[in-house]
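Going by this note's numbering, the sequence shown wraps up at 331, each residue one higher than the last.
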Amino acid sequence: MRIDAVAICATDLEIIHAGSPASIQGGLPFNKNFTPGHEYMGTVAALGPEVDEFRIGERISVEIHAGCGQCKRCRQGMYTSCLNYGKPEKGHRANGFTTDGGFAEYAVNHINTLARVPDSMSDAEATLVVTAGTSMYGLTELGGLVAGESVVVIGPGPIGLLAVAVAKALGASPVILTGTRNKRLAIGQELGADRVININDEDAVAVVKQLTGGIGADYVVECAGTEATLNQAIHMTNRGGKICLAAFPHEAATLDIAHLVRNNIYAYGIRGEGRSATHRAMELMAAKRFDASRIHTHTFPLADLPTALRYARDRVDDAIKVVVTTRKTDAIARAAE
């Protein structure tokens, strides 16, 4: 495929600066001619032998993971948990993690990772399908049917903001978003949050319980990954409720496991965008059930990739999703669509 646009994820920055969670040839990716980048879209430029599912010239978005297709987890549809993870010789691929990614002009992708992009969707919006798909996967693992259920999203980063949008599109009520940045919380309201909580000003657990009749939320999607927010998630979930752990904590955390056990609360860790969640997210986006482009804040040409990475890393101008395009541009185009 010809890559037309690629969004920068916080995980890309971790890979570039620390190596992990990428794994190339069983180790860190440095000095191995590895290309990162995993949230990209583009145009079909050539087809492999016997490929008739797509046509040259079609616009496509790309899912990160293609499992080996033969292990127990892949057969269950859990290809993001492939038991041959990191073994390309066994057929596993994870674009931008274990195989080359999207900070390039062209890439090779398995047909299982592709979804068609409708003409009504911009290139930049199409790069956000993986982010929305990750949010969709989290809600899928929590039970999938969230209509009428109360959902709290902790952390208004890209995944958290689109988790609000997906939960609202699926009928959850109320949808509550917590965080510390008022501008991002405001975007969360635009994407469907019924209530936002700045945890610097309010006790998130107390407010959630007040909004849910004193019992706590049915589902909590934890997208911050700090010890404090993880414990908030535990204490704001109702008995028998479920927590999705969507963030990668950087340090070990001390958690109130006793409360979790006593109250029969379930915790699920997710990796990526499994169970074809990107396809379901694409359908919601194509139907305009929510406007994912609200989190797209900056655009740069591929030649300015170092600047784009700096904007994403340092959150220059409160950058949320920075998109890099291979289409020719005369100057940096900001703020978006």
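From the three backbone atoms N, C-alpha and C, an ideal C-beta is built for every residue, glycine too.
Enumerated in chain order, which unbroken segments of the beta strand (DSSP E) with a length of 3 residues or greater are wholly contained in the stretch 236 to 286? Taking 3 residues as the minimum length, the beta strand (DSSP E) runs contained wholly in the stretch 236 to 286 are 260 to 263, in order along the chain.
DSSP three-state assignment for Gly138, whether helix, strand or coil: Numbered from 1 along the sequence shown, position 144 holds the residue referred to as residue 138. Gly138: coil per DSSP, three-state reduction.
So Ile170 packs on Asp188, CB below 8 Å; how close in whole Å? For this step, residue 170 is matched to residue 176 along the sequence shown. For this step, residue 188 is matched to residue 194 along the sequence shown. Contact flag correct, Cβ pair sits at about 7 Å.
Residue range of the alpha helix (DSSP H) that Arg49 falls in? Along the sequence shown, one-based indexing puts residue 49 at 55. It is not in any alpha helix (DSSP H) - Arg49 carries neither H nor E in the DSSP assignment.
Can you tell which of Ala16, Met35, Thr206 has the C-alpha that lies nearest to the C-alpha of Ser116? Along the sequence shown, read from residue 1 onward, the residue named residue 116 stands at position 122. Comparing Cα-Cα distances from Ser116 to each of Ala16, Met35, Thr206, the minimum goes to Met35.
Contact between the stretch 114 to 130 and the stretch 253 to 268 (3+ Cβ pairs under 8 Å): The stretch 114 to 130 makes contact with the stretch 253 to 268: 3 or more CB pairs, one atom from each, lie closer than 8 Å.
List the whole-angstrom C-beta distance separating Ala227 from Glu216, where the pair is believed to meet the contact cut-off of C-beta under 8 Å. Counting from one through the sequence shown, the residue named residue 227 turns up at place 233. Counting from one through the sequence shown, the residue named residue 216 turns up at place 222. Cβ atoms of Ala227 and Glu216 come within 8 Å of each other, at about 4 Å.
Please classify Pro295: does DSSP put it in a helix, a strand, or coil? Taking the sequence shown and counting its residues from 1, the one referred to as residue 295 is at position 301. Here Pro295 carries a strand assignment [DSSP, helix/strand/coil].
Which residue's Cα is closest to the Cα of Gly149: Arg178, Gly235, Lys26? The count along the sequence shown starts at 1 and reaches residue 149 at position 155. Looking at the Cα atoms, Arg178 is the closest of the given residues.
For Asn103, name the three-state secondary structure that DSSP assigns. Within the sequence shown, numbered from 1, the residue matching residue 103 stands at position 109. DSSP places Asn103 outside both helix and strand once states are collapsed to three, so it counts as coil.
Three CB pairs or more closer than 8 Å across the stretch 157 to 177 and the stretch 135 to 149: Touching, yes.
Bridge partners - Gly21, DSSP secondary structure assignment: For the purposes of this step, residue 21 is taken as residue 27 along the sequence shown, with counting starting at 1. Bridge partners of Gly21: Ile18.
Alpha-carbon to alpha-carbon, Thr291 and Asn192: Taking the first residue of the sequence shown as 1, we reach residue 192 at position 198. Taking the first residue of the sequence shown as 1, we reach residue 291 at position 297. A straight-line Cα-Cα distance of about 22 Å links Asn192 and Thr291.
Can you tell me which residues form a DSSP beta bridge with Arg87? Translated into the one-based positions of the sequence shown, residue 87 becomes position 93. Answer by DSSP bridge pairing, in chain order: Ala60.
In the DSSP output, which residue or residues are listed as bridge partners for Glu196? As a first step, residue 196 is located in the sequence shown; it is residue number 202 there, counting from the start. In DSSP, Glu196 forms no bridge with anything.
Using CA coordinates, which residue listed in Thr5, Lys26, Glu33, Pro23 is at the minimum distance from Val318? In the sequence shown, the residue the question calls residue 318 occupies position 324. Proximity to Val318 across Thr5, Lys26, Glu33, Pro23 peaks at Glu33, based on C-alpha coordinates.
Ile314 to Ile10 span [Cα, whole Å]: Counted from its first residue, the sequence shown places residue 314 at position 320. Counted from its first residue, the sequence shown places residue 10 at position 16. Roughly 18 Å between the two C-alpha positions.
Have a look at the DSSP bridge pairing and note the partners of Ile54. Taking the first residue of the sequence shown as 1, we reach residue 54 at position 60. Ile54 pairs with Gly36, Arg110.
Determine, using beta-carbon pairs with one atom in the stretch 245 to 261 and one in the stretch 276 to 290, whether at least three such pairs fall under 8 Å. No: the two stretches stay apart, fewer than three of their Cβ pairs being nearer than 8 Å.
Check the DSSP bridge columns for Gly13 and list the partner residues they point to. Residue mapping note: residue 13 aligns to position 19 of the sequence shown, counting from 1. Beta-bridge pairing links Gly13 to no other residue.
Could you round the C-beta distance between Gly96 and Val0 to whole angstroms and report it? I think they count as a contact, below 8 Å. Against the sequence shown, residue 96 aligns to sequence position 102. Against the sequence shown, residue 0 aligns to sequence position 6. Right, the Cβ-Cβ distance comes to about 4 Å (below 8 Å), so this counts as a contact.
Classify Glu57: buried if its beta carbon has 16 or more other beta carbons within 10 angstroms, exposed otherwise. If you number the sequence shown from 1, residue 57 lands on position 63. Buried: at least 16 other Cβ atoms inside 10 Å.
Cβ atoms of Met(-5) and Ala166: under 8 Å apart, would you say? In the sequence shown, counting from the first residue as 1, residue 166 sits at position 172. In the sequence shown, counting from the first residue as 1, residue -5 sits at position 1. No, the Cβ-Cβ distance between Ala166 and Met(-5) is not below 8 Å.
Rounded C-alpha distance that separates Arg233 from Val201: Position 239 of the sequence shown, counted from the start, is the residue given in the question as residue 233. Position 207 of the sequence shown, counted from the start, is the residue given in the question as residue 201. Spanning the two alpha carbons is a distance of roughly 17 Å.
With which residues is Lys26 paired in a DSSP beta bridge? Walking along the sequence shown from the start, residue 26 turns up at place 32. For Lys26, which the question treats as bridged, DSSP gives no partner whatsoever.
Beta carbon of Asp212 nearer than 8 Å to that of Val145: Residue numbering aside, residue 212 sits at position 218 when the sequence shown is read from its first letter. Residue numbering aside, residue 145 sits at position 151 when the sequence shown is read from its first letter. For Asp212 and Val145, yes; Cβs fall inside 8 Å.
Might you give, ordered along the chain, the residues of its own chain that have their beta carbon closer than 6 Å to the beta carbon of Ala88, omitting 5 neighbours on each side? As a position in the sequence shown, residue 88 is number 94, starting the count at 1. Taking Ala88 as the centre and dropping the five residues before and after it, the same chain places the C-beta of Ile58, His59 closer than 6 Å to its C-beta, in chain order.
Going along the chain, which residues of its own chain have a beta-carbon closer than 7 Å to the beta-carbon of Cys3, five neighbours each way excluded? Locating residue 3 in the sequence shown gives position 9, counting from the first residue. The beta carbon of Cys3 lies closer than 7 Å to those of His32, Glu33 in the same chain, with the five residues before and after it left out.
What residue does the beta strand (DSSP E) around Ala(-1) start on, and which one ends it? Here residue -1 corresponds to residue number 5 of the sequence shown, with the count starting at 1. DSSP places Ala(-1) inside the beta strand (DSSP E), whose first and last residues are -4 to 1.
Boundaries (first-last residue) of the beta strand (DSSP E) holding Leu171: Here residue 171 refers to the residue found at position 177 of the sequence shown. Unbroken beta strand (DSSP E) run through Leu171: 169 to 173.
Among Gln64, Tyr262, Ile237, Ile251, whose alpha-carbon lies nearest the alpha-carbon of Gly85? Here residue 85 refers to the residue found at position 91 of the sequence shown. Here the closest residue by C-alpha is Gln64.
Is the Cβ-Cβ distance between Ser17 and Gly80 less than 8 Å? Mapped onto the sequence shown, residue 17 falls at position 23. Mapped onto the sequence shown, residue 80 falls at position 86. Less than 8 Å divides the Cβ of Ser17 from the Cβ of Gly80.
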